[in-house]
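Data first, discussion second: the structure below is written as structure tokens.
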Amino acid sequence: MSPSALLLVLFAACYASAAPSPSTGSIKINLSRHVLANGTPPRNVARLALAPSSEPLQDYYKGTDLQWYGAIQAGTPPQNFTVVFDTGSFSGEIPSTSCSSCVNQKKFNSAASSTFYDYHRSSTENFGTGVGDYESLTLSAVRDTVAIAGLSAAKTDFYLITKQSSGFDADPFDGIFGMGYSADGTVFQNLVNQGLPAVFGMWLTPKSVGGAELTLGGIDNSKFSGPVTYIPVDPATQGFWQLVSSQYAVNGKTSAALKKTTHVIFDSGTSNIVFPKAVTEALYALISPEIKPVGTKGAYGIACSKISSLTAKLDFTFTTTAGKV
Numbered sequence: 001m002s003p004s005a006l007l008l009v010l011f012a013a014c015y016a017s018a019a020p021s022p023s024t025g026s027i028k029i030n031l032s033r034h035v036l037a038n039g040t041p042p043r044n045v046a047r048l049a050l051a052p053s054s055e056p057l058q059d060y061y062k063g064t065d066l067q068w069y070g071a072i073q074a075g076t077p078p079q080n081f082t083v084v085f086d087t088g089s090f091s092g093e094i095p096s097t098s099c100s101s102c103v104n105q106k107k108f109n110s111a112a113s114s115t116f117y118d119y120h121r122s123s124t125e126n127f128g129t130g131v132g133d134y135e136s137l138t139l140s141a142v143r144d145t146v147a148i149a150g151l152s153a154a155k156t157d158f159y160l161i162t163k164q165s166s167g168f169d170a171d172p173f174d175g176i177f178g179m180g181y182s183a184d185g186t187v188f189q190n191l192v193n194q195g196l197p198a199v200f201g202m203w204l205t206p207k208s209v210g211g212a213e214l215t216l217g218g219i220d221n222s223k224f225s226g227p228v229t230y231i232p233v234d235p236a237t238q239g240f241w242q243l244v245s246s247q248y249a250v251n252g253k254t255s256a257a258l259k260k261t262t263h264v265i266f267d268s269g270t271s272n273i274v275f276p277k278a279v280t281e282a283l284y285a286l287i288s289p290e291i292k293p294v295g296t297k298g299a300y301g302i303a304c305s306k307i308s309s310l311t312a313k314l315d316f317t318f319t320t321t322a323g324k325v
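Pasting the structure below:
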């Protein structure tokens, strides 16, 4: 695969009713890497209220690129946090001051926010990578103002973490904010309702490249060349950014096992690429016959001394909205 990847998530199908007028600017959010009112303005005014913006992202690096995360603010006055912007989930979660098990994260002080509202509803949410390891959070549903990249969304629903399992202790970020498909009530949906163009883009780069970012309300044209390709979201999706792929190939070669229609979820909250066993083994067979199963969690590996000699370009085949492959 190429050393950097651009994930463009186009919300036109999901938010068609709120689609704003075109805008020439966009806002960026830098991503970090670790080695993951009173009164409503007229409709036409609200639709033109916000221009795109970007936020830098940090990279969580630990022998490999794990996750990318960036800054948000919550409450009035704002309290600062870092979160993974997760296209594979639909809600936001940050630690509460009542969370005694949240030992390494910043905690939200609800008593210090004049705009805080508590729904007095609790729940438990489980997280997993897809290879057998799962963690859990105990959550309390709340509402408050949330801001990203200078864009502020009042009355945004999210959760406060009141208890978490130990697997989250090592994370360099404080929480997760969902960017999932059809994620009503999220900070991004609220910004769209205020007039932000219903598009966001993620530029996720390896540590050696840097410069990862999240762009809200547009895409950064400096990160790619040529026209944008639009691919329809799978009608069978259950709230995920799920596309239909007709074929995979490695270095231009494919096989019968790789020519079957599959449903692919684009999940910025996990560092893993997960396939069915038959597809996984067919892909690795085209890379090197020396790649074998390692352990019991669906992982595969090869001697470290041989990794530098492997050259593999993995291609996914999709059909565009124009019917082109």
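Number 212 in the UniProt record's numbering belongs to position 212 of the sequence shown; there are no gaps in the numbering.
Glycine is no exception: its CB is placed at the ideal position from the N, C-alpha and C atoms.
Short of 8 Å in beta carbon distance, which residues of its chain neighbour residue i, apart from the five on each side in sequence? Order them along the chain.
i, result
"Asp234", "Gln242, Leu243, Val244 and His263"
"Glu290", "Ile302, Ala303 and Lys306"
"Pro227", "none"
"Val142", "Ser110, Phe116, Tyr117, Asp118, Tyr119, Asp157, Phe158, Tyr159 and Leu160"
"Lys253", "Leu286"
"Ser255", "Ala282, Ala285 and Leu286"
"Thr311", "Asn251"
"Val325", "Ser246, Thr317, Phe318 and Thr319"
"Ala79", "Note that residue 79 is Gln in the sequence shown, not Ala. If we look at Gln79 and ignore the five residues flanking it on each side, its Cβ neighbours are Gln73, Lys106, Phe108, Asn109, Ala112 and Ser113."
"Gln164", "Pro95, Cys99, Ser101, Cys102, Glu135, Ser136, Leu137 and Thr138"
Does DSSP put residue i in a helix, in a strand, or in coil?
i, result
"Lys155", "strand"
"Thr311", "coil"
"Asn190", "helix"
"Thr162", "strand"
"Val264", "strand"
"Lys223", "helix"
"Gly195", "coil"
"Ile287", "helix"
"Ala278", "helix"
"Thr321", "coil"
"Ile150", "Looking at the sequence provided, one finds Gly at residue 150 rather than Ile. Reduced to three states, the DSSP call for Gly150 is coil."
"Thr24", "Low confidence applies to Thr24: its pLDDT is 39, below 50, so where it sits in the model is not reliable enough to give any reading."
"Ser255", "coil"
"Ala168", "It should be pointed out that residue 168 corresponds to Phe in this sequence rather than to Ala. Looking at Phe168 - three-state DSSP - the assignment turns out to be helix."
"Gln53", "With the sequence shown as reference, residue 53 is identified as Ser, and Gln is not the correct amino acid for it. DSSP places Ser53 in strand when its eight states are reduced to three."
"Gly39", "Because Gly39 sits at a pLDDT of 37, beneath the cut-off of 50, its placement in the model cannot be relied upon, and the point is left open."
"Lys306", "helix"
"Ser122", "strand"
"Phe316", "strand"
"Ser110", "helix"
"Gln79", "strand"
"Ile176", "strand"
"Leu139", "strand"
"Trp68", "strand"
Please list, in chain order, all residues of the same chain as residue i whose beta carbon is under 6 Å from its beta carbon, the five residues on each side excluded.
i, result
"Phe318", "Ile231, Leu243 and Ser245"
"Ser140", "Ser122, Leu160 and Thr162"
"Thr229", "Thr320"
"Asp315", "Ala249"
"Asn190", "Ala153 and Thr156"
Return the Cβ separation of residue i and residue j in integer angstroms, given the expectation that the two are a contact with Cβ distance under 8 Å.
i, j, result
"Thr270", "Gly88", "7 Å"
"Asp144", "Thr115", "5 Å"
"Leu124", "Leu137", "The residue you asked about is not Leu; residue 124 is Thr in the sequence shown. The Cβ separation is near 7 Å, so the contact holds."
"Ala153", "Val103", "Their Cβ separation, rounded to whole angstroms, is 29 Å, which puts Ala153 and Val103 out of contact at 8 Å."
"Phe240", "Gly180", "6 Å"
Below 7 Å CB to CB, which residues in the same chain sit around residue i once its five sequence neighbours on both sides are set aside?
i, result
"Asp267", "Thr87 and Gly88"
"Ser113", "Gly75, Thr76 and Asp144"
"Ala278", "Ala257"
"Ile148", "Ile29, Glu55, Ile72, Val187 and Leu216"
"Asp174", "Phe81, Thr82, Val83, Ile94, Pro95, Gln105 and Lys106"
"Lys259", "Gln247"
"Leu151", "Ile27, Leu50, Ser53, Leu191, Leu196 and Leu216"
"Thr237", "Tyr181"
"Gly178", "Asp86, Ser89, Phe90, Ser91, Gly92 and Thr186"
Output yes if chain C places a C-beta closer than 8 Å to the C-beta of residue i; else output no.
i, result
"Lys297", "This model lacks chain C altogether, as it is built from one protein chain only."
Tell me whether residue i counts as near the ligand MN, meaning its Cβ is closer than 7 Å to at least one heavy atom of that ligand.
i, result
"Gly195", "Of ligands this structure carries none, so the ligand MN is not represented either."
Discussion item. Does the structure place the region 211-222 close enough to the region 301-313 that three or more beta carbon pairs sit under 8 Å?
Written reply: no
Worksheet entry | Contact the region 105-113 vs the region 56-71: 3+ CB pairs below 8 Å | no
Worksheet item: Should the region 166-174 be called in touch with the region 192-199, which here means at least 3 C-beta pairs below 8 Å?
Response: no
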